[in-house]
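Residues are numbered in the working numbering as their position in the first sequence, beginning at 1, plus a constant of 4.
Glycine included, each C-beta is placed from N, C-alpha and C at the ideal position.
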Amino acid sequence: MTKVPSVIHWFRLDLRIHDNLALRNAINEAENRKHLLRAVYVIDPDIIKTKVGVNRLKFLLQSLQNLDENLRKLNSCLYVIRGKATEELPKLFDKWQVKFLTTQVDIDPEYVNQDVIIEKVAEEKDIFIVKRVQHTVFDVHSVLKKNNGAIPLTYQKFLSLVTDIQVKECIEITKKLSDHCKAPEKDLKGYEVPKLDEFLDESALEPCKYPGGETEALKRLHMYMAKKQWVCQFEKPNTSPNSIEPSTTVLSPYISHGCLSVKLFYHKLKEAESGSKHSQPPVSLMGQLMWREFYYTAGAGAKNFDKMVGNPVCTQIPWGKNDEHLKAWAEGRTGYPFVDAIMRQLKQEGWIHHLARHMVACFLTRGDLWISWEEGAKVFEDYLLDYDWSLNAGNWMWLSASAFFYKYFRVYSPVAFGKKTDKEGLFIRKYVPELKKYPTAFIYEPWKAPKSVQVSAGCIVGEGYPKRIVDHDKIHKENMQKMAAAYRANKEKKAIKRPRS
DNA sequence: TCTGGCGTTGTTCCC
DNA sequence: GGGGAACAACGCCAG
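Laid out in structure tokens, this is it:
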């Protein structure tokens, strides 16, 4: 057992040293008490096998590696604990004589449940815990309180709640940790940052398009914020879902892992916008950030936000089950080239444009396949680098017209939608290479190509590329009727619940 | 209690 | 090819 007691900062979704108040609190506490600072991250090897896809795992490990490098600049380092937080941390509380623990506030039930257990253990062991809101711009619980505990159900309503809230300045850690607060190097044994090959075979992975880490995050942020005019003119609906290079910032994976502070992003946007005419929420870049806050607020306020049943904001829809269709969708072989290209980009690169998410989410749920949004959310959880509990559930509910958005008759066409921004089908040609020689006239609808054209393009529909698993023109109309019926049933149920007095 | 305005990002047809 | 209207199938919220 160590003689000198310890202060822990438990990193979770705040894999950075900039604007990390909880980390600064831990450092200051260690200095004042003359304790050792232990910066820890807990990684559960089992979760990796089930929920986190290989690309996201790689991103996470790169972020941890970079975090360790940045901590070393502060005369500290990162301990990576293998196992479950609720089992491993209590052991370390004893081993390291922990007196003080800091961490960030999270709303993902997985973290919330962990917190309950850890806080109980900490209380028994007389460990003081400090939690800081630093994964959202606003404290979502105080936003809910401001709305009398009700969940804001529209974006505009949410904006009206936060418009007069003063956002605090970012904080920096300017002083290095004193040598006497630095834990001995030998303590690190067994807690080193994992190399990729500890968890996966790197050779099986695609080249890394978006490397993880705080350093990369800040580089990316500054690159975009330097383009003041671009920032001020940004309007999301005018960006392209199917450009070969992303038409938006791709800061999302860095934000979801906390490599980038949302508060820093907020202030940088304010700075870029100040003194210039600029676009406004919901379509502006600031508007994008506010969408995130909106979903976080809803996710914190609603029970079972990531499920249909027992979720107060979610319309109950009798989705069907079709594992073959689900699999075809997830693997990018629905027979609709635009849908398949998007799903293959997602699987390969871990990121797709927001409107591309609209396209495939609508297709899976109310548009074509009539499969529950919960199934789609699970696939996204696996594949997305920027997976985020509340955003994922919120957006899936939006697209399936289960909550927040109700115009279910607006269905994305898997043929027409992509053409608006990519007539030639370059995006399809890249991600569905078996169709790359198809003439432009048939690139979105290869089944319409005469056999001779299919032969000369080197790919027969039904052999080299799948036949359509559904007929969109027919099925989307049937699904609209089902949506109408589900809405009617929901309305009747509500009327029974709240009878006229 | 009722009503009209409005909501980040639809499609298709027609001029 | 760009813009506007028809299509017909919405719920939330402020007044």
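Can the beta-carbon of residue i be found less than 9 Å from the beta-carbon of residue j?
| i | j | result |
| --- | --- | --- |
| N483 | R361 | no |
| V109 | F142 | no |
| Y258 | G216 | yes |
| Q118 | T90 | yes |
| K99 | D130 | no |
| L78 | I12 | no |
| S265 | L395 | no |
| V342 | F446 | First, the residue type needs correcting, since residue 342 is Phe and not Val in the sequence shown. Taking 9 Å as the Cβ cut-off, F342 and F446 do not qualify as a contacting pair. |
| L225 | Y83 | no |
| Y228 | T253 | yes |
| R37 | P9 | yes |
| G305 | I155 | yes |
| T338 | V465 | no |
| Q138 | G262 | yes |
| W355 | S456 | no |
| E378 | D310 | yes |
| R296 | D205 | no |
| V144 | Y300 | yes |
| K232 | Q292 | no |
| L222 | H39 | no |
Would the beta-carbon of residue i be found less than 8 Å away from any heavy atom of the ligand SAH?
| i | result |
| --- | --- |
| Q349 | In the structure shown, the ligand SAH is absent, as is every other ligand, since no ligand is present at all. |
Let's see if you can read the secondary structure: which residues bound the alpha helix (DSSP H) around residue i?
| i | result |
| --- | --- |
| I479 | H476 to K501 |
| G217 | That residue, G217, is in no alpha helix (DSSP H); it is neither H nor E in DSSP. |
| L75 | V58 to K77 |
| Y435 | L430 to Y435 |
| W234 | K232 to Q237 |
| A99 | For clarity, residue 99 is Lys in the given sequence; the question names Ala instead. Start and end: A89 to K99. |
| P49 | P49 to T54 |
| L395 | W393 to L403 |
| A420 | A420 to K423 |
| V457 | K455 to S460 |
Which residues does DSSP pair with residue i in a beta bridge?
| i | result |
| --- | --- |
| H13 | A43 and T106 |
| Y83 | V44 |
| K186 | L41 |
| I375 | G324 |
| Y387 | BP columns for Y387 are empty, so no partner. |
| V465 | Y469 |
With distance defined between alpha-carbon atoms, name the residue in the options nearest to residue i.
| i | options | result |
| --- | --- | --- |
| G324 | Y83, P156, V46 and K486 | K486 |
| I248 | F384, D426 and D72 | D426 |
| L64 | A488, D390, K441 and T444 | D390 |
| E385 | D23, I51 and T106 | I51 |
| N242 | H357, M227, K497 and W451 | H357 |
| E123 | K135, D112 and Y159 | K135 |
| S280 | Q237, A126 and A445 | Q237 |
| Y581 | E127, Y442 and L17 | No information on residue 581 is available, as it lies outside the stretch 5 to 505 that the chain covers here. |
| Q2 | V58, L82 and F309 | Past the boundaries of the shown model lies residue 2; the chain is included only from 5 to 505, so the question cannot be answered. |
| E128 | K186, F97, V46 and E428 | F97 |
| D48 | R37, K88, E35 and F15 | K88 |
| P418 | I375, Y340 and R472 | Y340 |
| I85 | Y45, L25, R28 and L61 | Y45 |
| V332 | P285, I375 and A154 | Note on residue identity: the sequence assigns Ala, not Val, to residue 332. Of P285, I375 and A154, the residue nearest in Cα terms is I375. |
| F413 | R337, V197 and L403 | L403 |
| M363 | L439, A420, R28 and Y416 | Y416 |
| S244 | F269, G429 and K274 | G429 |
| A420 | Y435, G398, D477 and Q458 | D477 |
| L273 | D372, R296, F309 and A230 | A230 |
| Y435 | G194, E335, G153 and K95 | E335 |
| I321 | W14, Y491, A30 and I111 | Y491 |
| Q284 | V235, T54 and C318 | V235 |
| Y387 | T444, R42, A461 and V56 | V56 |
| I111 | E73, K307 and K501 | K307 |
| W14 | P198, G422, R42 and Q458 | R42 |
| P188 | S164, K382 and C81 | C81 |
| T219 | K471, L71 and I175 | L71 |
Secondary structure, alpha helix (DSSP H): runs of 4+ residues fully inside the segment 302-364:
The qualifying runs are 327-334 and 341-353.
Beta strand (DSSP E) segments (min. 3 residues) lying fully within the segment 250-291:
none
Where are the alpha helix (DSSP H) runs, 4 residues long or more, that stay fully inside the segment 119-199, in chain order?
144-150 and 159-166
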